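**Student:**
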Amino acid sequence: MSNVEIIGAARSTYTRVARMVCEEKSIVYELREAAPRSPDAFAIHPFGKIPALRHGDFELYESKAIATYLDLSFPGPRLIPTAPREAALTEQWVSLVNTRIDTTMIRTYLFAYIFPKTADGKPDRKAIDALVPTVEQEVGLLDRAVAKTGFLVGDGLTYADLNLMPILFLVRQLPEGAAAMAAAKPLSEYYQRLAARPSFQNTMPPPGPPPRLQ
Amino acid sequence: MANVEIIGFAPSTYVRVARMACEEKAVAYELKPAPPHSPEVLAIHPFGKIPVMRHGDFELCESKAIATYLDLCFPGPKLIPTEPRHAALTEQWVSLVNTRMDTTMVRTYLFAYLFPKTADGKPDRKGIDAVAPALHEEIGLLNKSVAKGGYLAGDSFTFADINVMPILFYLQKFPESASAIATARPLAEYYERLARRPSFQNTIPPPPPARQAKAS
Chain A
125 MSNVEIIGAA
135 RSTYTRVARM
145 VCEEKSIVYE
155 LREAAPRSPD
165 AFAIHPFGKI
175 PALRHGDFEL
185 YESKAIATYL
195 DLSFPGPRLI
205 PTAPREAALT
215 EQWVSLVNTR
225 IDTTMIRTYL
235 FAYIFPKTAD
245 GKPDRKAIDA
255 LVPTVEQEVG
265 LLDRAVAKTG
275 FLVGDGLTYA
285 DLNLMPILFL
295 VRQLPEGAAA
305 MAAAKPLSEY
315 YQRLAARPSF
325 QNTMPPPGPP
335 PRLQ
Chain B
252 MANVEIIGFA
262 PSTYVRVARM
272 ACEEKAVAYE
282 LKPAPPHSPE
292 VLAIHPFGKI
302 PVMRHGDFEL
312 CESKAIATYL
322 DLCFPGPKLI
332 PTEPRHAALT
342 EQWVSLVNTR
352 MDTTMVRTYL
362 FAYLFPKTAD
372 GKPDRKGIDA
382 VAPALHEEIG
392 LLNKSVAKGG
402 YLAGDSFTFA
412 DINVMPILFY
422 LQKFPESASA
432 IATARPLAEY
442 YERLARRPSF
452 QNTIPPPPPA
462 RQAKAS
């Protein structure tokens with residue numbers, strides 16, 4: 125069968141998540157660069173979101189679905205556990221990150237810096253200041269979650285960790301996010317340890333902001 | 252072990268999803284009524300969302316996580332497939348419904364009727380008209396998807412169907428969405444067929460309060 129194609133943007137957090145899954149499982153894949161809402165993205169995703177996947181005649185979209193497909197189709201370490209509690213906690217942390225923490229940290233906080241709605245195009249200070257307590261609260265939540273074992277779920281790497289790392293990578297590049305993370309020792313250690321993994325190093329995005337789905 | 256407790260309130264679509272998963276698997280459960288952000292909910296969900304679950308000493312939040320736990324812990328039909336393509340398509344439709352359609356259909360369209368931010372408390376016509384094109388597009392997308400095999404993912408019943416049915420239930424009760432579903436034949440047939448399942452019949456929420464009923 126032909127190689128796995130990941131259709132997306134190297135700067136997108138969720139595209140990086142899909143690539144990290146391939147890397148962790150040693151799946152040969154090609155990244156086909158495509159912006160959100162580009163014809164290539166719309167060819168698979170009804171709303172033009174990225175990443176999408178093509179594998180032979182099979183097309184799929186949404187990062188969690190792509191991870192599920194790769195995890196079940198290919199050998200290598202299981203990233204989504206099968207024991208009920210660990211499986212459920214993995215889902216829980218993916219859900220919390222995707223429905224809440226991604227919105228706070230990327231769509232609101234990071235975008236107030238890189239896509240400000242201010243008249244002069246400078247970072248939206250008012251929005252940033254208003255958001256700092258929420259960023260700190262969510263960093264604190266993650267910090268407590270990883271403090272016990274050094275992972276979000278159980279005592280080993282799962283897809284929940286892969287799903288979070290690209291977000292933390294960007295949050296650390298902004299002053300308030302960096303300060304909140306520096307004050308959260310277990311989370312800082314967690315980040316440093318997981319950032320050393322080849323799956324993270326091999327998917328480092330090029331400089332520049334992530335794409336925005338309008 | 253103690254019974255499964257589903258903590259949340261019956262009108263919530265996601266609470267109903269968790270209850271339907273119990274019903275489909277014949278898992279004995281108790282519904283413990285609790286609104287979002289109540290102390291019982293905040294004890295388990297960091298942001299106070301419903302449903303949450305307790306089973307003995309195990310506590311869990313987020314509906315998809317609860318469904319995963321129930322599906323793996325209890326016997327009965329598998330709701331989340333294990334075959335790679337079928338599993339992935341189930342995930343895809345859960346993700347698409349939860350990140351996009353729930354926002355359009357429930358948080359924007361239905362809430363413009365049920366919890367309008369208008370000065371006089373009447374349905375937010377402007378908000379309803381603004382969301383109507385997206386509502387139609389997304390109903391069309393569901394319609395195309397179920398037209399092939401009669402289910403969202405592949406040709407058998409999965410958690411993806413459970414996850415969308417409580418949303419369709421409410422859409423049937425408001426004019427623009429009801430007429431859009433009525434003209435989407437495969438989706439209308441899908442809804443009628445799945446609505447006959449005991450898991451759906453046994454979890455019908457109580458009628459909305461008077462102010463909300465007036466809007467329908």
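The listed protein sequences correspond, in order, to chains A and B. For reference, each letter of the first sequence is one residue, going 125 to 338 in this note's numbering. For reference, each letter of the second sequence is one residue, going 252 to 467 in this note's numbering. Where is the CB? At the ideal position from N, CA and C, for every residue including glycine. Please read all numbers here as calculations on a predicted model, not as lab measurements.
(1) Write down the C-beta distance between residue 300/A and residue 252/A rounded to the nearest angstrom, noting that I regard them as a contact closer than 8 Å.
(2) Measuring CB to CB, does residue 176/A end up less than 8 Å from residue 132/A?
(3) How about residue 282/A and residue 275/A: are their beta carbons less than 8 Å apart?
(4) Using the beta-carbon of each residue, which ones in chain B are nearer than 7 Å to residue 219/A?
(5) In chain order, what residues of the region 214-244 of chain A put their CB closer than 9 Å to some CB of chain B?
(6) I'd like the list of long-range same chain contacts for residue 450/B, defined as Cβ closer than 6 Å, with 5 residues on each side in sequence excluded.
(7) Between which two residues does the alpha helix (DSSP H) carrying residue 186/A extend?
(8) Quick one: grab the DSSP three-state call for residue 177/A.
(9) Compare the C-beta of residue 138/A with all C-beta atoms of chain B and state if any pair is closer than 8 Å.
(10) What residue ranges within the region 276-328 of chain A form continuous alpha helix (DSSP H) runs of no fewer than 4 residues, ordered along the chain?
(11) Considering just the uninterrupted stretch of the beta strand (DSSP E) at residue 304/B, what are its terminal residues?
(12) Does the distance from the CB of residue 345/B to the CB of residue 315/B come in under 8 Å?
(13) Could you tell me which chain B residues have their CB closer than 7 Å to the CB of residue 171/A, listed as they occur along the chain?
(14) Give a yes or no on whether the minimum CB-CB distance between residue 409/B and chain A is below 8 Å.
(15) Considering only residues of the same chain and omitting the five flanking positions on each side of residue 337/B, which have a CB-CB separation below 7 Å?
(16) With a cut-off of 8 Å, does the C-beta of residue 451/B fall near any C-beta of chain A?
(17) So, are the CB atoms of residue 286/B and residue 260/B less than 8 Å apart?
(18) Identify, in the order they occur along the chain, each residue of the same chain with its Cβ nearer than 7 Å to the Cβ of residue 69/A, setting aside the five sequence neighbours on each side.
(19) Determine the direct distance from the alpha carbon of residue 232/A to that of residue 308/A, and round the result to whole angstroms.
(20) Along the chain, where does the alpha helix (DSSP H) that runs through residue 264/A open and close?
(21) Can you pull the chain A neighbours of residue 481/B, defined as C-beta to C-beta under 7 Å?
(22) Can you list, in chain order, the stretches of the alpha helix (DSSP H) that have 4 or more residues and sit fully within the region 417-458 of chain B?
(23) What does DSSP give as the partner residue(s) for residue 472/B in the beta ladder?
(24) Taking residue 309/B as part of the beta strand (DSSP E), name the residues at either end of that continuous run.
(25) Starting from the C-beta of residue 179/A, find all residues in its chain whose C-beta is less than 6 Å away, skip the five residues before and the five after it, and write them out in chain order.
(26) According to DSSP, which residues form a beta bridge with residue 156/A?
(27) Taking 8 Å as the threshold (beta carbon to beta carbon), is residue 188/A in contact with chain B?
**Tutor:** So, to answer that:
(1) 7 Å
(2) yes
(3) yes
(4) 313, 315, 316
(5) 214, 215, 216, 217, 218, 219, 220, 222, 223, 224
(6) 271, 274, 275
(7) Unbroken run through residue 186/A: none, as it is neither H nor E.
(8) strand
(9) no
(10) 283-295, 299-307, 309-319, 322-325
(11) 303-306
(12) yes
(13) 351
(14) no
(15) 404, 405
(16) no
(17) yes
(18) Since the first residue of chain A shown is 125 and the last is 338, residue 69/A is not available in this structure.
(19) 21 Å
(20) 249-271
(21) The structure shown does not extend to residue 481/B, since chain B is modelled only from 252 through 467, so no value can be given for it.
(22) 426-434, 436-446, 449-452
(23) A question about residue 472/B goes unanswered here, because the residues of chain B that appear run from 252 up to 467.
(24) 309-312
(25) 128
(26) 131/A
(27) yes
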